[in-house]
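Every letter in the sequence shown is one number past the one before it in our numbering, and letter 358, counting from 1, is 1085.
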Amino acid sequence: MTTRRIVAICLLLAGGVALLALERRLVTAEITPRPLLYLVADTEREVERIPLALTRLSEREENQIGQELARGYGLMPAIHKETDAQRISAYVQEVGKRLTANVKRKEIQYRFFYKDEPGFVNAGALPGGQIVIGRGLLELLESEDELAAILGHEVAHVDERHAIERLQYEVQSKKIGMRGLYRLAQIGVVLYQMGYTKEKEDEADRLGLGLTVAAGYSPAGAVEVMKRFDRLFGGQAHTATSPVEEMTGMPLKSLKEYFRSHPPARERIATLEKEIQARGYNAAQAQKPLGVRAIFLAEQAEGLDKRGMFDRAIARYREALKLEPGNKWAWSGLAYAAWRAGDARTTVEAATEALKLDAEWEQMWKRLARALAVENVRAASTRYSELLARFAPKEMAKQSLAQVESAGLELTTGNKAAVTTYQEILNRGLTVETQVMARRQMAWWMYRSGRLKEAEGELEAARQRDPRDGWVNHQLAWVQSDLGRQADAQKNLAESRENKPDDADDALEAVILWRIDAKKEAQAKFQHAAEADPVWMVSKWVANNYSAEATAVIAKLQAEEMARRKKEEARRKVVGSR
């Protein structure tokens, strides 16, 4: 009989002894499948202690296994296309590197992976120091110390051999040909994927906390993040809803509950607080802000803006900028959200700051000019010219488009030289694309100034240069509708839809239909537009972007939509009370 077969027999005998011992401990337990399944889990945990010393793998072998597993899990280093993802990935690696400076097993080759998926709300460790954290989890963190606590916990799993122990036993059991334990090996793999025993999770919390403190982080970060998780996810444990589920669905769920990827937050809080007190760690140590939190706050703000929660979006952008004043994307988002909210003053502030950081942003020059015109039309041209002189774009095309906005501002004051200045810009030998954009921009200022025929002429000239530009047709339809030519407007709207599918077309069609007395159809179109983008219900935004005549029509459509929503809400309340 070989040594390996002797080990196998010893393992099975030890399992039987552990089973009997544990059965005696649980003799008074309630009569349900759950205690039996916990008993199986306990036996699994106790029995696995025996072969660990006999099956231990070297650090070199562990590194190789870890790399193979990482490949299998799709955790190979990826080149993130998005700048933000690159920043986050580098940041995670930087924090992780600080933690691994104090590990015991120096031969392990630690690598930290960032999974850029909002739905991945977790972190985990594979053998050989392969550690991953998901975007979904990072979005819940508020300090670098909290991130260090999460990563430190996973590093501790690797440093204490938790990550390799369960797998090394399976590897060695396959080597000794234990075909009779095939099912056990299968369960072992599932358990490995689910997580560790509570004992090992507690150990990882304690030792991981030590790694974070040794790296200079506050121990309070670990406690704070667990308290937040408890507030967010507490009390969501699964319960069986039928006897059938109790009998058939519980085995795997019970094992998963016992060997869950991480224990309940409240249990971890108690473990951490006890360790902080026992070690004399300074729980009052200040925490560092999460270095990439501004990215997540800005994205949250963008989502709020899309849902029409403009005030909250603006506040969230402010939070992001407080953490990272040089974040041009947050300034851009703030300018956009403020403009949609009808807040010209904040738009001017945010657009100005964004242009200080990136003067080549032609869309931001356009937003700045139009917000200045709303805020103070008399001073707008002077203020814009001063800013353009200080932060002029270097690229000729972008500089020319910024100067078109300046000419547009002059046009609103009645300056006759504005059109001459504009023509000089067009004669600079601009590309077709830039010429079309310049004509569209000046046409908007003409439209807003009531010079509808001139606006139509500019847009017709733009269409001749690029017949496929759907936005030209869309803009032309607004002008023609104001001119009373609804048939022409409808024709251009149809062409606009072909080359540029956009919900704004529904609002335009609603205005056209209203003007030809198709009120019911107009209301339906406007309802669709307002549901697709809540900005159509913001009166100030409409007034800041469209002519007085179009704004008056949209105001009637808004009133009809508000009445419809109130009626629908009343109907829902009646149905709900039955």
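Ideal Cβ placement from N, Cα and C applies to all residues, glycine included.
Going by the beta-carbon positions, is the gap between residue i and residue j smaller than 9 Å?
| i | j | result |
| --- | --- | --- |
| W1205 | S1274 | yes |
| G1306 | A1010 | The chain is shown from 728 up to 1305; residue 1306 falls before or after that span and cannot be answered. |
| F840 | I858 | yes |
| K925 | E873 | no |
| L1203 | E1183 | yes |
| L1115 | T1161 | no |
| E1137 | A1145 | yes |
| W1066 | R1097 | yes |
| L1309 | A1021 | Since the first residue shown for the chain is 728 and the last is 1305, residue 1309 is missing from the structure and cannot be characterised. |
| E1287 | Q1250 | yes |
| R838 | G851 | no |
| A1071 | D1038 | no |
| K1061 | R1045 | The sequence shown places Leu at residue 1061, not Lys. Yes; because the gap between Cβ atoms is below 9 Å, this pair is in contact. |
| S1208 | R1242 | yes |
| R1034 | G937 | no |
Just how far apart, CA to CA, sit residue i and residue j?
| i | j | result |
| --- | --- | --- |
| L1095 | N1103 | 12 Å |
| T770 | T810 | Only weak support is given to the placement of T770: the predicted model assigns it a pLDDT of 40, under 50, and the value that follows is read from those uncertain coordinates. Distance between the alpha carbons of T770 and T810: 49 Å. |
| T1079 | M1173 | 24 Å |
| P1261 | A1277 | 18 Å |
| G879 | E871 | 12 Å |
| R955 | P991 | 12 Å |
| V822 | T939 | 10 Å |
| S1059 | A1119 | 17 Å |
| V1301 | R1291 | 16 Å |
| P1016 | E869 | 7 Å |
| K1247 | S1223 | 23 Å |
| G1211 | V1269 | 20 Å |
| A890 | K1001 | 25 Å |
| T1140 | S816 | 50 Å |
| V1201 | A1028 | Residue identity differs from the one stated: residue 1201 is His in this sequence, not Val. Their Cα atoms are separated by approximately 29 Å. |
| T1147 | R1110 | 21 Å |
| E1185 | N849 | 55 Å |
| Q1168 | A1134 | 10 Å |
| I1239 | A1245 | 9 Å |
| R772 | Y800 | Because the pLDDT at R772 is just 46, under 50, the model does not fix this residue reliably, and the point stays unresolved. |
| R814 | A1081 | 20 Å |
| A1025 | V819 | 19 Å |
| I792 | N829 | 23 Å |
| R888 | L826 | 17 Å |
| D957 | I996 | 9 Å |
| S785 | D1085 | 53 Å |
| A942 | K824 | 10 Å |
| S1304 | K1293 | 17 Å |
| E1236 | F1023 | 37 Å |
| A1188 | A812 | 42 Å |
| K842 | L864 | 10 Å |
| R832 | D1229 | 58 Å |
Should residue i be labelled buried (16 or more other beta-carbon atoms within 10 Å of its own) or exposed?
| i | result |
| --- | --- |
| P854 | buried |
| V929 | The sequence as given places Asp at residue 929; Val does not occur at that position. It is buried - the Cβ of D929 has at least 16 other Cβ atoms within 10 Å. |
| A1106 | exposed |
| V952 | buried |
| K1121 | exposed |
| P1194 | exposed |
| P1052 | exposed |
| A1221 | exposed |
| G743 | Unreliable positioning characterises G743 in this predicted model, as indicated by a pLDDT of 47, which lies under 50. The coordinate reading is nonetheless provided below. Per the 10 Å Cβ criterion, exposed. |
| A1057 | buried |
| V1159 | exposed |
| M881 | Just to set this straight, residue 881 is Glu in the shown sequence, not Met. Counting Cβ neighbours within 10 Å, E881 comes out buried, since at least 16 surround it. |
| A1013 | exposed |
| R1166 | buried |
| G1018 | buried |
| Q1004 | exposed |
| S1108 | buried |
Give the range of the beta strand (DSSP E) segment to which residue i is assigned.
| i | result |
| --- | --- |
| L802 | Neither: L802 is in no beta strand (DSSP E) and is coded neither H nor E. |
| K842 | R838 to K842 |
| L853 | A850 to L853 |
Would you mind reading off the limits of the alpha helix (DSSP H) that contains residue i?
| i | result |
| --- | --- |
| V859 | It is not in any alpha helix (DSSP H) - V859 instead sits in the beta strand (DSSP E) that spans Q857 to G861. |
| L1095 | E1089 to E1102 |
| A941 | K925 to A941 |
| L1084 | A1071 to L1084 |
| V1280 | A1275 to S1304 |
| G1135 | M1123 to T1139 |
| Y1063 | K1055 to R1067 |
| S1266 | S1266 to N1272 |
| Q1004 | A992 to R1006 |
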